[in-house]
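Novice: In order, the protein sequence lines correspond to chains A and B. Per numbering that gives the first Met the number 0, the first sequence starts with residue 0, numbered consecutively. Per numbering that gives the first Met the number 0, the second sequence starts with residue 0, numbered consecutively. If you scroll down you'll find the structure; I have some questions about it.
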Amino acid sequence: MGLFDLFNKKKSSSDYAKDRLKLLLVSDRANCSPDIMEQIKNDIIEVISRYMEIDASGLDIQITQTESEGGHGSVPALYANIPIKDLKSKSVK
Amino acid sequence: MSEVIVITSGKGGVGKTTTTANVGTGLAKLDKKVVLIDTDIGLRNLDVVMGLENRIVYNLVDVVEGNCRYKQALIKDKTYPNLFLLPSAQTKDKTSVTPEQMKKLVEELKKEFDYIILDCPAGIEQGFKNAIAAADRALIVTTPEVSAIRDADRIIGLLEANEIKKIDLIVNRIRMDMVKRGEMMSIEDVVEILAIDLIGAVPDDENIVISTNQGQPLVGDNSLAGRAYFNICKRILGEDVEFLDLSESGFFKKLSKLFKKNN
Numbered sequence: 000m001g002l003f004d005l006f007n008k009k010k011s012s013s014d015y016a017k018d019r020l021k022l023l024l025v026s027d028r029a030n031c032s033p034d035i036m037e038q039i040k041n042d043i044i045e046v047i048s049r050y051m052e053i054d055a056s057g058l059d060i061q062i063t064q065t066e067s068e069g070g071h072g073s074v075p076a077l078y079a080n081i082p083i084k085d086l087k088s089k090s091v092k
Numbered sequence: 000m001s002e003v004i005v006i007t008s009g010k011g012g013v014g015k016t017t018t019t020a021n022v023g024t025g026l027a028k029l030d031k032k033v034v035l036i037d038t039d040i041g042l043r044n045l046d047v048v049m050g051l052e053n054r055i056v057y058n059l060v061d062v063v064e065g066n067c068r069y070k071q072a073l074i075k076d077k078t079y080p081n082l083f084l085l086p087s088a089q090t091k092d093k094t095s096v097t098p099e100q101m102k103k104l105v106e107e108l109k110k111e112f113d114y115i116i117l118d119c120p121a122g123i124e125q126g127f128k129n130a131i132a133a134a135d136r137a138l139i140v141t142t143p144e145v146s147a148i149r150d151a152d153r154i155i156g157l158l159e160a161n162e163i164k165k166i167d168l169i170v171n172r173i174r175m176d177m178v179k180r181g182e183m184m185s186i187e188d189v190v191e192i193l194a195i196d197l198i199g200a201v202p203d204d205e206n207i208v209i210s211t212n213q214g215q216p217l218v219g220d221n222s223l224a225g226r227a228y229f230n231i232c233k234r235i236l237g238e239d240v241e242f243l244d245l246s247e248s249g250f251f252k253k254l255s256k257l258f259k260k261n262n
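Now the structure itself:
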């Protein structure tokens with residue numbers, strides 16, 4: 000419990016709820032079903048793999064909110080974290 | 000001119016039926032001629048909340064199937080002679096009525112009533128489609144929980160797609176003590192996330208349970224929930240009513256006043 004208490008001091012449970020909801024609604028509103036996200040993920044793996052060796056199992060993609068550069072409030076953004084195993088290109092043809 | 004209001008939420012158990020009963024009764028109290036329609040076919044409940052369950056002869060399905068005229072199916076309220084209920088059928092299912100039939104029925108009711116209030120079932124299937132088919136405006140009921148707000152957001156999208164222009168939000172079951180501790184999302188949080196107009200917030204008040212036990216809506220009485228619902232009714236009529244301070248629940252209010260005096 001001690002660890003959780005420490006955590007709670009930083010962020011209340013209502014803040015967690017709000018953050019989770021915001022993330023959830025962005026993907027809900029973008030109408031991105033888990034199926035489509037899976038397809039996007041597979042396509043990204045396919046494209047990147049042409050140029051370098053990546054850890055496909057560690058790949059994480061999600062749609063989030065980010066501040067727009069023009070200062071028009073927050074806009075949806077695709078966030079992808081792709082661990083690279085070997086930067087040396089697999090012989091680009 | 001009459002107005003058709005659908006009360007909906009997506010998620011079940013957030014207080015659609017209680018809100019329908021109280022908003023309908025409140026509008027009747029404000030001298031409007033009101034009919035409440037329970038569109039939850041198969042899971043009829045509005046009759047119980049209104050305390051009219053023993054008076055049902057005909058129901059919504061009987062009316063649309065032509066087994067009776069709508070006037071035969073309407074049940075007059077115990078207290079207000081200008082308030083009526085059209086109960087749902089308990090033994091049929093949602094497909095017994097179509098959106099077209101609902102539109103036709105509501106058109107007829109418009110000739111006689113100022114407000115037609117539709118209690119929508121949970122979900123986004125046939126029952127939801129029936130309930131929103133004839134609506135001019137919608138009241139979205141939600142609680143300050145992730146699941147309820149997520150469903151409300153989906154419902155708002157569907158209502159907009161169906162060209163229901165006026166959509167207002169009711170935040171139900173708010174507990175200000177929890178909000179203050181940071182353990183519940185605030186009314187402001189919910190409004191910010193859903194980005195629609197707030198028409199009222201109703202506290203989590205045990206008087207609601209008592210009033211449902213008795214089958215007597217509490218709108219307009221002295222309880223915090225009763226006052227909150229009555230304010231919502233006035234706002235529906237276009238009045239500019241200030242929002243209640245919901246933190247003034249009986250015991251704590253007295254306690255804090257006591258402290259203020261001493262300091």
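Beta carbons: idealized from backbone N, C-alpha and C, even for Gly. Since the model is a prediction, treat every value here as computed from it, not as a measurement.
With burial defined as no fewer than 16 other Cβ atoms inside 10 Å of the residue's Cβ, what is the status of Cys119 (chain B): buried or exposed?
Specialist: Working through the second sequence from its first residue, we reach residue 119 (chain B) at position 120. Per the 10 Å Cβ criterion, buried.
Novice: Helix, strand or coil: how does DSSP classify Pro202 (chain B) here?
Specialist: Working through the second sequence from its first residue, we reach residue 202 (chain B) at position 203. Strand at Pro202 (chain B).
Novice: Compare the C-beta of Glu182 (chain B) with all C-beta atoms of chain A and state if any pair is closer than 8 angstroms.
Specialist: Your numbering for residue 182 (chain B) matches position 183 in the second sequence. At least one chain A Cβ lies under 8 angstroms of Glu182 (chain B).
Novice: From the beta carbon of Asp203 (chain B), is the nearest beta carbon of chain A less than 8 angstroms away?
Specialist: If you number the second sequence from 1, residue 203 (chain B) lands on position 204. No - not a single Cβ of chain A is within 8 angstroms of the one on Asp203 (chain B).
Novice: Does Val145 (chain B) come within less than 8 angstroms of chain A when only Cβ atoms are used?
Specialist: As a working note, residue 145 (chain B) is residue 146 in the second sequence. With 8 angstroms as the cut-off, Val145 (chain B) counts as an interface residue toward chain A.
Novice: Would you please state the rounded distance, in angstroms, between the beta carbons of Ile195 (chain B) and Asp150 (chain B)? I believe it to be under 8 angstroms.
Specialist: For this step, residue 195 (chain B) is matched to residue 196 along the second sequence. For this step, residue 150 (chain B) is matched to residue 151 along the second sequence. Not quite, the Cβ-Cβ distance comes to about 14 angstroms (not below 8 angstroms), so this is no contact.
Novice: Quick check: does the Cβ of Thr211 (chain B) come within less than 7 angstroms of any heavy atom belonging to the ligand MN?
Specialist: In the structure shown, the ligand MN is absent, as is every other ligand, since no ligand is present at all.
Novice: Measuring CA to CA, which of B:Gly126, B:Ile207, B:Asp46 is closest to Pro98 (chain B)?
Specialist: Working through the second sequence from its first residue, we reach residue 98 (chain B) at position 99. Considering only alpha carbons, the answer is B:Gly126.
Novice: Under three-state DSSP, which class holds Arg234 (chain B)?
Specialist: Numbered from 1 along the second sequence, position 235 holds the residue referred to as residue 234 (chain B). If DSSP states are grouped into helix, strand and coil, Arg234 (chain B) belongs with the helices.
Novice: I'd like to confirm the pairing. Which residues does DSSP put opposite Lys75 (chain B) in its beta bridges?
Specialist: Counted from its first residue, the second sequence places residue 75 (chain B) at position 76. DSSP output for Lys75 (chain B) lists B:Phe83 as bridge partner(s).
Novice: Taking Ser67 (chain A) as the query, report the chain B residues whose CB atoms sit under 9 angstroms from its CB, ordered along the chain.
Specialist: Reading the first sequence from its first residue, position 68 is the one you call residue 67 (chain A). Per Cβ cutoff of 9 angstroms: no residues; Ser67 (chain A) is ~16 angstroms from chain B at best.
Novice: Hey, is Ala16 (chain A)'s beta-carbon within less than 8 angstroms of any beta-carbon in chain B?
Specialist: In the first sequence, residue 16 (chain A) corresponds to position 17, counting from 1. Chain B contact via Cβ: present.
Novice: Which runs of the alpha helix (DSSP H) fall wholly inside the region 113-160 of chain B and span at least 4 residues, in chain order?
Specialist: If we require 4 residues or more, the alpha helix (DSSP H) runs fully inside the region 113-160 of chain B come out as 125-132, 145-160.
Novice: So Ile44 (chain A) packs on Ile53 (chain A), CB below 8 angstroms; how close in whole Å?
Specialist: Position 45 of the first sequence, counted from the first residue, corresponds to residue 44 (chain A). Position 54 of the first sequence, counted from the first residue, corresponds to residue 53 (chain A). With a Cβ gap of about 7 angstroms, Ile44 (chain A) and Ile53 (chain A) count as contacting.
Novice: Measure the alpha-carbon distance for Tyr15 (chain A) versus Glu106 (chain B) and round it to whole angstroms.
Specialist: Residue 15 (chain A) sits at position 16 when you count from the first residue of the first sequence. Residue 106 (chain B) sits at position 107 when you count from the first residue of the second sequence. So the alpha carbons of these two residues sit roughly 46 angstroms apart.
Novice: Please list the partners that Asp196 (chain B) has in chain A, where partner means a Cβ-to-Cβ separation under 7 angstroms.
Specialist: Here the question's residue 196 (chain B) lines up with position 197 in the second sequence. Near Asp196 (chain B) there are no residues of chain A at all, since even the closest Cβ is about 18 angstroms away, more than 7 angstroms.
Novice: Would DSSP call Arg172 (chain B) helix, strand or coil?
Specialist: Counting from one through the second sequence, the residue named residue 172 (chain B) turns up at place 173. Three-state DSSP puts Arg172 (chain B) in a strand.
Novice: So, helix, strand or coil for Thr211 (chain B), using DSSP?
Specialist: Taking the second sequence and counting its residues from 1, the one referred to as residue 211 (chain B) is at position 212. DSSP places Thr211 (chain B) in helix when its eight states are reduced to three.
Novice: Quick check on Arg19 (chain A) - is its C-beta less than 8 angstroms from some C-beta in chain B?
Specialist: The residue given as residue 19 (chain A) occupies position 20 in the first sequence. At least one chain B Cβ lies under 8 angstroms of Arg19 (chain A).
Novice: For Met101 (chain B), collect the residues of the same chain with a Cβ closer than 6 angstroms to its Cβ; drop the 5 residues on either side in sequence, then sort them by chain order.
Specialist: Here the question's residue 101 (chain B) lines up with position 102 in the second sequence. Taken in chain order, the residues that qualify are Asn129, Ala132, Ala133.
Novice: Expressed to the nearest angstrom, what Euclidean distance is found between the alpha-carbon atoms of Gly69 (chain A) and Arg28 (chain A)?
Specialist: Looking up residue 69 (chain A) in the first sequence gives position 70. Looking up residue 28 (chain A) in the first sequence gives position 29. Computed Cα separation, rounded: 22 angstroms.
Novice: Asp152 (chain B) and Ile173 (chain B): beta carbons closer than 8 angstroms?
Specialist: Translated into positions along the second sequence, residue 152 (chain B) becomes position 153. Translated into positions along the second sequence, residue 173 (chain B) becomes position 174. Contact: no.
Novice: Indicate whether at least one CB of chain B lies closer than 8 angstroms to the CB of Leu24 (chain A).
Specialist: By 1-based counting over the first sequence, the position of residue 24 (chain A) is 25. Yes - at least one Cβ of chain B is within 8 angstroms of the one on Leu24 (chain A).
Novice: May I ask you to list, following chain order, the residues of the region 146-159 of chain B that have a beta carbon less than 9 angstroms from some beta carbon of chain A?
Specialist: Of all residues in the region 146-159 of chain B, Ile148, Arg149, Asp152, Arg153, Gly156 have a Cβ within less than 9 angstroms of some Cβ in chain A.
Novice: Please tell me whether Tyr69 (chain B) and Leu108 (chain B) are closer than 8 angstroms, where the distance is taken between their beta carbons.
Specialist: The sequence position of residue 69 (chain B) within the second sequence is 70, counting from 1. The sequence position of residue 108 (chain B) within the second sequence is 109, counting from 1. Yes, they are a contact pair.
Novice: Are the beta-carbon atoms of Ile192 (chain B) and Ile139 (chain B) separated by less than 8 angstroms?
Specialist: Here residue 192 (chain B) refers to the residue found at position 193 of the second sequence. Here residue 139 (chain B) refers to the residue found at position 140 of the second sequence. The answer is no: Cβ separation not under 8 angstroms.
Novice: Roughly how many whole angstroms lie between the Cα atoms of Glu238 (chain B) and Asp188 (chain B)?
Specialist: Working through the second sequence from its first residue, we reach residue 238 (chain B) at position 239. Working through the second sequence from its first residue, we reach residue 188 (chain B) at position 189. Going from the Cα of Glu238 (chain B) to the Cα of Asp188 (chain B) covers about 25 angstroms.
Novice: Where Asn30 (chain A) and Asn81 (chain B) are concerned, what is the direct C-alpha to C-alpha distance, given to the nearest angstrom?
Specialist: Locating residue 30 (chain A) in the first sequence gives position 31, counting from the first residue. Locating residue 81 (chain B) in the second sequence gives position 82, counting from the first residue. The straight-line gap from Cα to Cα measures roughly 44 angstroms.
Novice: Leu58 (chain A): which of A:Val74, A:Glu66, A:Tyr78 sits nearest, CA to CA?
Specialist: Locating residue 58 (chain A) in the first sequence gives position 59, where the first residue counts as 1. Nearest option by C-alpha distance: A:Tyr78.
Novice: Where Leu26 (chain B) and Lys233 (chain B) are concerned, what is the direct C-alpha to C-alpha distance, given to the nearest angstrom?
Specialist: Taking the second sequence and counting its residues from 1, the one referred to as residue 26 (chain B) is at position 27. Taking the second sequence and counting its residues from 1, the one referred to as residue 233 (chain B) is at position 234. When rounded, the distance between both Cα atoms is 8 angstroms.
Novice: Can you give the Cα-Cα distance for Gly9 (chain B) and Asp85 (chain A), rounded to whole angstroms?
Specialist: Position 10 of the second sequence, counted from the start, is the residue given in the question as residue 9 (chain B). Position 86 of the first sequence, counted from the start, is the residue given in the question as residue 85 (chain A). About 48 angstroms.
Novice: So Ile192 (chain B) contacts chain A; which residues on that side make the cut at Cβ distance below 8 angstroms?
Specialist: Translated into positions along the second sequence, residue 192 (chain B) becomes position 193. Near Ile192 (chain B) (Cβ distances below 8 angstroms), the residues of chain A are Lys17, Leu20, Lys21, Leu24.
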